[in-house]
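Below you'll find the structure, written out as structure tokens, and then a few comments.
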Amino acid sequence: MNPTPGDGPHSGDAAELLSPDVLERLGDLDLIARTIVRGFVSGAHRSPFLGSGDDFSRHRSYQQGDDVRRLDWRLYGRTDRLYVRLFQEDSNLQSFIVVDSSASMGFVGDGPVSKLRYAQFVAAALAHVMLRTGDAVGLASFGSDTSFHLPPRNRPGHLHDVLLGLQRLRPLGSGSPAQALDEVGSALRRRGRVVLISDCLADEGIGPLLSAVSRLRARRDEVIVLRVASRLELGEVAGEAARYYDPERPHRLISAVPGADPTFRERVSAYYDELRGGLEEGGAEYAPFTTDQPLVSAIGGWLMARARRERPAP
Amino acid sequence: MISALYPGFLAAGVVFAAVPVVLHLLARRPPDRRPLPTARFLRREERTLLRPSRRPSDVLLLAVRVLFALVLGACFAGMAWTADRAGTERIVLVDAEAAADLGMDALAVIAREATADADRSGVATRVIAYAASEHGDIVTSADLSELVHAVGEPMATAADGLRVLRAAATATALDSAEVVWVARPTWHQWTEGVGLLREALWPGALQLQSTGLGTARVAPDAPRAPASVELLGFPEDTALRRALNALGARLLTGEAGTPADTSWIFAEDPPADMVGMLVEKARAGTTVILSGALPPEVSADGEEVPWEVDADTRTGGDAEAQGPSGRAGGGAILRLGARPLGTAVQPEAGGPSRKARVIAVFEDTRPAAAARAAGAGCIVYFAASLQDAQLTREAGFPDFVGELARGCGSQADPTLPLDRGGIWALTRPDLPRRVGLADLDTSQGMPLAPGLLLLALALLGAEVLLTRERRG
Chain U
185 MNPTPGDGPH SGDAAELLSP DVLERLGDLD LIARTIVRGF VSGAHRSPFL
235 GSGDDFSRHR SYQQGDDVRR LDWRLYGRTD RLYVRLFQED SNLQSFIVVD
285 SSASMGFVGD GPVSKLRYAQ FVAAALAHVM LRTGDAVGLA SFGSDTSFHL
335 PPRNRPGHLH DVLLGLQRLR PLGSGSPAQA LDEVGSALRR RGRVVLISDC
385 LADEGIGPLL SAVSRLRARR DEVIVLRVAS RLELGEVAGE AARYYDPERP
435 HRLISAVPGA DPTFRERVSA YYDELRGGLE EGGAEYAPFT TDQPLVSAIG
485 GWLMARARRE RPAP
Chain X
25 MISALYPGFL AAGVVFAAVP VVLHLLARRP PDRRPLPTAR FLRREERTLL
75 RPSRRPSDVL LLAVRVLFAL VLGACFAGMA WTADRAGTER IVLVDAEAAA
125 DLGMDALAVI AREATADADR SGVATRVIAY AASEHGDIVT SADLSELVHA
175 VGEPMATAAD GLRVLRAAAT ATALDSAEVV WVARPTWHQW TEGVGLLREA
225 LWPGALQLQS TGLGTARVAP DAPRAPASVE LLGFPEDTAL RRALNALGAR
275 LLTGEAGTPA DTSWIFAEDP PADMVGMLVE KARAGTTVIL SGALPPEVSA
325 DGEEVPWEVD ADTRTGGDAE AQGPSGRAGG GAILRLGARP LGTAVQPEAG
375 GPSRKARVIA VFEDTRPAAA ARAAGAGCIV YFAASLQDAQ LTREAGFPDF
425 VGELARGCGS QADPTLPLDR GGIWALTRPD LPRRVGLADL DTSQGMPLAP
475 GLLLLALALL GAEVLLTRER RG
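This is how it looks when you write it as structure tokens:
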């Protein structure tokens with residue numbers, strides 16, 4: 185079962201106040217990412233990205249949020265310090281964050297920030313969390329073409345490079361998420377994790393995207409699709425009469441009144457429902473975000489739900 | 025209170041303002057272009073192309089245009105602002121010449137007496153003194169001591185005082201006023217046409233506080249007040265009636281017979297038997313003023329009639345061909361020391377009798393009016409009609425009528441006290457004491473046109489900017 189945005193551990197408390205427009209005013213993406221992560225990690229008790237491999241790799245100092253079942257009590261008895269045991273999968277997991285930077289991601293709609301900006305927030309927060317848990321994080325984007333900004337790494341200063349790469353993204357062109365996933369999958373030298381942050385709107389429909397996800401899953405890669413959209417484009421906010429155009433196809437104008445057309449919302453919902461169903465059927469994870477959601481509760485809620493789902497209570 | 029001199033322009037402004045509203049409603053512009061990533065899921069709705077797009081800037085622009093039209097209309101409508109009037113005051117109108125005779129202390133007593141009841145009733149009192157300067161201008165002052173020094177020749181007349189009163193009263197924001205007039209009522213107060221101007225200048229009564237002479241010291245040969253006047257042979261609505269009203273005369277209808285105390289009798293085109301009766305009235309002390317055509321037998325019958333009619337000239341035909349006594353010519357009537365009256369008054373035939381005194385002449389020097397004593401009274405003849413349009417339209421007509429009535433007496437001495445009729449005509453006790461000032465104020469108030477013009481220019485500038493922004 186997918187988490188509902190906003191039902192995270194901090195929904196309803198002060199973390200809710202960190203709305204996207206408030207974060208936007210912070211300016212620095214690093215500061216924004218740290219703020220988001222601090223918001224949901226401070227109250228969490230389990231790290232969301234720890235794997236479950238069987239081969240012991242090494243020890244690491246205990247950090248707040250780590251699973252206490254991984255504590256090495258023997259080592260604690262000898263050294264009087266807390267260490268957690270890391271396994272092969274945990275320490276060597278390669279992750280790619282793939283951000284959609286096509287023209288449609290520049291859409292602001294009724295939200296406080298554009299979809300790309302929101303995606304940057306999400307990607308920065310995830311990179312921060314994944315690097316902190318020992319994953320190697322790479323960064324790719326696709327607009328007109330797929331761009332590989334950073335290969336998966338986990339070394340000091342890499343987070344800064346990731347944030348810098350995210351900061352440079354500009355909404356441009358019309359790209360295919362399926363092609364981007366294929367190219368990223370080719371770049372992963374072994375089993376890894378691909379996080380796609382996109383509005384998942386493609387001319388070719390959802391078929392190629394699901395196929396690309398299936399190919400990644402066939403390699404036992406973990407695939408996470410984080411959909412970012414504004415409520416206006418979802419039809420949840422009534423749009424006025426205008427001549428609308430897809431930012432990736434500005435020459436095609438459609439005179440319409442979205443607010444007066446109930447089928448518009450139904451069609452958009454059906455599209456994303458089909459996407460969700462296809463992804464879940466293919467073993468991928470799908471989490472929808474809207475640009476007006478506070479990031480702490482949205483990301484934190486999803487991550488905590490994910491952690492609960494993968495490690496059910498004993 | 026805002027008023028408009030030309031309200032039609034206001035209506036035109038409203039009509040003009042409707043033009044941008046209609047154009048705004050008729051304007052069909054395509055809706056805005058807006059991005060929407062999920063535009064592929066929209067259902068095309070062509071009707072939206074026909075629907076006018078409502079933008080906030082459009083509404084603002086429309087408001088500016090409508091306002092511009094209304095302001096422009098108001099600008100041309102001659103809008104003016106006048107203060108609302110409220111309250112009553114009592115004005116003590118002081119003739120400075122008369123006050124100078126009295127001295128300040130006596131004047132203060134008069135003013136205090138005049139305003140005693142006003143103070144009790146809480147009505148504000150204002151003292152306004154007036155005089156004529158050496159150059160003949162009217163000067164006013166609230167400080168009488170200053171004004172007395174400015175007094176010179178000629179003396180201020182009652183008309184001067186009325187003009188000062190009107191200007192002072194209408195300059196305030198009060199609703200009504202009543203007047204106490206402190207003056208010395210001599211014949212000098214009586215000027216040409218004042219009887220007609222009196223009510224127009226101040227349509228209310230003047231409560232006279234005489235400073236001395238009054239009517240008690242009437243000289244034996246001074247004009248007497250026309251106690252009562254009877255008109256014979258004149259229509260009901262005649263200019264002579266209005267002129268006599270202006271002189272303060274009490275008019276009799278004539279239906280109940282002529283009372284014994286009738287002062288003046290005017291008779292137009294009298295038949296021979298009426299002339300005989302009027303001569304008897306004149307002998308009894310009445311002043312009879314005859315005018316128009318006289319019957320030919322009058323000259324033979326009554327030597328007391330001051331006019332002789334040449335029978336030969338009354339048969340009609342060309343006046344010049346009828347001999348030297350014909351009455352061709354006429355024109356304006358000249359009087360000693362006064363302006364000419366009328367320009368084409370048609371004369372009657374004949375000329376003054378031997379013992380008659382000529383009191384007015386035509387501009388061609390022929391006699392126009394003559395008077396002759398008859399017993400205790402006087403008979404005056406005016407060789408034209410007193411209903412002549414050229415004559416009755418003149419402002420000096422009432423004065424001329426008075427001169428005719430005083431034909432057997434001497435000319436009024438300006439320094440002599442005004443007679444009772446003159447005082448009545450000036451003070452007009454029959455008019456209301458309190459006068460509403462709103463109707464008197466014919467000023468236009470504070471004109472709003474300059475401010476409205478500036479506002480219109482500002483709106484025009486805003487319209488240009490908004491239009492440029494809309495197109496850009």
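Protein chains in written order, with our numbering: chain U, 185 to 498; chain X, 25 to 496. Every residue, glycine too, gets a C-beta built ideally from N, C-alpha and C.
- Burial of X/T416 is indicated by the presence of at least 16 other C-beta atoms within 10 angstroms of its C-beta.
- Listed along chain U, the residues sitting closer than 7 Å to X/P61 by beta-carbon distance are S288, F291, D383, L385, E417, D430 and P431.
- Contact between X/D293 and X/A317 is confirmed by a C-beta separation of about 5 Å, below the 8 Å threshold.
- Bounds of the beta strand (DSSP E) holding X/A398 are P391 to A398.
- In the structure shown, the three-state DSSP call for U/C384 is coil.
- Classified as exposed, U/Q351 has fewer than 16 neighbouring CB atoms from the shown chains inside 10 Å of its CB.
- Boundaries of the beta strand (DSSP E) around U/H435: R433 to A440.
- Excluding residues up to 5 positions away in sequence, L117, L230 and L232 lie with their Cβ nearer than 6 Å to the Cβ of X/W205 in the same chain.
- Closest by C-alpha distance to X/R222, out of X/A449, X/D199 and X/K379, is X/A449.
- If you draw a 10 Å sphere on the C-beta of U/V252, you find fewer than 16 other C-beta atoms in it, and that means exposed.
- Cβ-Cβ separation between U/V378 and U/L365: approximately 6 Å, consistent with a contact (criterion under 8 Å).
- Of the candidates X/G375, X/A394, X/R390 and X/G374, the residue whose Cα lies closest to the Cα of X/I383 is X/A394.
- By the rule that beta-carbons nearer than 8 Å mark a contact, U/T447 touches chain X.
- Contact annotation: the region 85-103 of chain X does not touch the region 481-491 of chain U, with fewer than three C-beta pairs closer than 8 Å.
- Shown here for U/S360: same chain residues with a beta carbon closer than 6 Å to its own, the five before and five after excluded, namely A386 in chain order.
- From the beta-carbon of U/V452, the residues of chain X found nearer than 9 Å are T62 and F65.
- Scanning its chain for C-beta atoms nearer than 7 Å, with the 5 sequence neighbours on each side dropped, one finds around U/A287 the residues P355, L356, G357, S358, P431 and E432, in chain order.
- U/T263 sits exposed, since fewer than 16 C-beta atoms from the chains shown fall within 10 Å of its C-beta.
- Per DSSP, the unbroken alpha helix (DSSP H) holding U/T263 starts and ends at W257 to T263.
- By a beta-carbon distance limit of 8 Å, X/Y405 does not contact X/V303. Their separation comes to about 12 Å.
- Using a Cβ distance threshold of 8 Å, X/I115 and X/A201 count as a contacting pair.
- Under the three-state reduction of DSSP, U/G389 is assigned to coil, being neither helix nor strand.
- Contact annotation: X/G228 and X/L455 have beta-carbon atoms nearer than 8 Å.
- Nearest CB-CB separation between U/P442 and chain X: below the 8 Å threshold.
- Taking C-beta atoms as the reference points, X/D56 and U/A440 fail to come closer than 8 Å.
- The region 315-325 of chain U makes contact with the region 335-353 of chain U; the number of CB pairs closer than 8 Å reaches 3 or more.
- According to DSSP, residue pairing for U/T474 in a beta bridge involves U/A413.
- What U/Y470 touches in chain X, judged by beta-carbon distance under 8 Å, is nothing: the nearest beta carbon there is about 17 Å away.
- In this structure, X/V95 keeps its C-beta atom at 8 Å or more from the C-beta atom of X/L490.
- Membership of U/F332 in the beta strand (DSSP E) is indicated by the continuous run T330 to R337.
- Inclusion of U/V282 and U/V397 in the CB contact set at 8 Å is not warranted, their separation being larger than that value.
- U/D383 and U/L348 have their C-alpha atoms some 22 Å from each other.
- Taking each of X/A122, X/A192, X/A193 and X/A195 in turn and checking the Cα distance to X/A180, the smallest one comes out for X/A122.
- X/L34 and X/P44 have their C-alpha atoms spaced approximately 17 Å apart.
- Within the same chain, and ignoring the five residues on either side of U/G295 in sequence, the residues whose Cβ sits closer than 6 Å to its Cβ are S414, T475 and D476.
- In chain order, R57 make up the part of chain X whose C-beta sits under 8 Å from the C-beta of U/L437.
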